[in-house]
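Report on the following structure.
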Amino acid sequence: MIRASVMAIIALACLAMASAPARAGAPTDQVREYTDAVVKVLENPALKTEDKKSERRAAVRKIASEVFDVHETARRVLGSHWQQRTPQERQDFVQLFAEVLEQTYISKIDLFGGERLKFTEEKVDGDNAIVRAKVLMRQQQAEVPVEARLLRKGDRWLIYDVLIENVSLVGNYRSQFDRIIRTQGYDELIKRLRARGEFLRESERPRRTER
1078 MIRASVMAII
1088 ALACLAMASA
1098 PARAGAPTDQ
1108 VREYTDAVVK
1118 VLENPALKTE
1128 DKKSERRAAV
1138 RKIASEVFDV
1148 HETARRVLGS
1158 HWQQRTPQER
1168 QDFVQLFAEV
1178 LEQTYISKID
1188 LFGGERLKFT
1198 EEKVDGDNAI
1208 VRAKVLMRQQ
1218 QAEVPVEARL
1228 LRKGDRWLIY
1238 DVLIENVSLV
1248 GNYRSQFDRI
1258 IRTQGYDELI
1268 KRLRARGEFL
1278 RESERPRRTE
1288 R
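FYI, the numbering for the sequence shown is 1078 to 1288, going by our numbering.
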């Protein structure tokens, strides 16, 4: 449950979708700005009710889209298999992976319980940056280390990976996908991602109350 709550508080960093223009500035300042925006949405009383769930998630999704580089994440997730894909296959994979990533983590925002981020360190090396922080857990009275890895593209810093308790989002998916591709082929991976996307979309649909 701790990991799920962590994902909620850093939703802006690890939710999906293609990058959009973001204000230039130091990596930590940018991550802090968007984190604060996500928390503001999650703590908005007008969006906390069940009937506002879709609006709440849409608001978080919009914020996340401005700071996350899903294309770079998808490329790194495929690893060496990326080079073997055609341009069209790459485009299709990015879109499919983005959808699954978004649907997987967007639901975690409902587990938000008032956690806060405490930024601890920033490292910049050319066009690469690392922003480290700790999630202050209210219920467990614990601090969970998180790390965002970013690339500078033009005047923007975009997140491409998030580590939670030293577990990399990119690394975790890459090991899973590599195993599937090597044992069952790339087409099987795509088949599974499509099936998972359909399942997640179905789970997001409101259920009618039986009378």
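Each residue gets a CB set at the ideal place from its N, CA and C atoms; glycine is no exception.
**Request:** Sort out for me which residues DSSP pairs Ala1210 with in a bridge.
**Result:** Phe1196, Val1223
**Proximity winner among Ala1114, Tyr1263, Tyr1111, relative to Thr1163 (alpha-carbon distances)** = Tyr1263
**Asked** Taking Cβ to Cβ, would you say Arg1269 is nearer than 8 Å to Ile1257?
**Response** yes
**Message:** If you reduce the DSSP assignment to three classes, tell me which class Arg1259 lands in.
**Reply:** helix
**Asked** Can you name the residues that DSSP bridges to Met1139?
**Response** Checking the displayed sequence, the identity of residue 1139 turns out to be Lys instead of Met. DSSP, once it has assigned bridges, lists no residue as partnering Lys1139.
**Request:** With DSSP as the reference, label Asp1204 as helix, strand or coil.
**Result:** coil
**Request:** Could you tell me if Ser1142 is buried or exposed, where buried requires 16 or more neighbouring beta carbons within 10 angstroms of its beta carbon?
**Result:** buried
**Message:** Within a Cβ cutoff of 8 Å, which residues of the same chain sit near Ile1236, ignoring the five residues on either side of it in sequence?
**Reply:** Ala1090, Cys1091, Val1108, Val1144, Phe1145, Asp1146, Ala1225, Arg1226, Leu1227
**Request:** Identify whether Lys1230 lies in helix, strand or coil by the three-state DSSP scheme.
**Result:** strand
**Request:** Consult DSSP for Val1144 and reduce its assignment to one of helix, strand or coil.
**Result:** coil
**Request:** Rounded to whole angstroms, what's the CA-CA distance from Arg1271 to Val1221? Just pull it up for me.
**Result:** 32 Å
**Request:** Measure the C-alpha to C-alpha separation of Glu1176 and Pro1104 and round it to an integer number of angstroms.
**Result:** 25 Å
**Asked** Excluding five sequence neighbours on each side, which residues of the same chain lie with their C-beta closer than 8 Å to the C-beta of Glu1199?
**Response** Ala1103, Pro1104, Thr1105, Ala1206, Ile1207, Val1208, Arg1209
**Asked** Rounded to whole angstroms, how far is the Cβ of Arg1251 from the Cβ of Arg1153, which I believe are closer than 8 Å?
**Response** 7 Å
**Message:** Within 10 Å of its beta-carbon, does Asp1169 have 16 or more other beta-carbons around it, so buried, or fewer, so exposed?
**Reply:** exposed
**Message:** How far does the alpha helix (DSSP H) with Asp1113 in it extend, from its first residue to its last?
**Reply:** 1104 to 1119
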